[in-house]
Amino acid sequence: MKKSLTAASLALAFGAAMTVAATPAFAQAKSADGEKCFGVALKGKNDCAAGAGTSCAGTSKIDHQGNAWQFVPKGTCEKIVSMTSPTGHGQLKAFKEKKA
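Numbering (our numbering), first residue to last: 5 to 104.
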């Protein structure tokens, strides 16, 4: 029993170490290869810093909210459909939603 407990502890420690080691690399890759895209997040699915009237991630009140952003791969934002955007696609800056 002691041997299996040791193996389980080792596996848990290894998993935790891998998670900690991977986090900075993921964060760096996310910021280098992506961009904030306004008006594409669904209600409650935005990333942090959504703008006035929201406090952080998951606080957008409507689908495609103009001041709520989602992190997307660089170069794809303005190709994603946004039902409220003046152009019909995601924007690199916050915007006032058009009426449906």
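For glycine and all other residues, C-beta sits at the position ideal for the given N, C-alpha and C. Because the structure is a prediction, the values reported are computed rather than measured.
Just curious, the beta strand (DSSP E) that residue i is in, first and last residue?
i: residue 102; result: Run containing residue 102: none; DSSP gives neither H nor E here.
i: residue 40; result: 38-42
i: residue 77; result: 73-77
By the 10 Å Cβ neighbour count, where 16 or more other Cβ atoms means buried, how is residue i classified, buried or exposed?
i: residue 88; result: buried
i: residue 100; result: exposed
i: residue 86; result: buried
Starting from the Cα of residue i, find the closest Cα among the options and give me that residue.
i: residue 90; options: 97, 102, 73; result: 102
i: residue 64; options: 48, 85, 41, 83; result: 48
i: residue 79; options: 96, 72, 86; result: 96
i: residue 60; options: 51, 84, 68; result: 51
Measure the beta-carbon distance from residue i to residue j and round it to whole angstroms, keeping in mind my assumption that it falls under 8 Å.
i: residue 38; j: residue 77; result: 6 Å
i: residue 74; j: residue 98; result: Contact doesn't hold; Cβ gap of about 13 Å is too wide.
i: residue 94; j: residue 84; result: 4 Å
Give a yes or no on whether 8 Å exceeds the smallest Cβ distance from residue i to chain C.
i: residue 82; result: Checking the listed chains, one finds no chain C in this structure; it contains a single protein chain.
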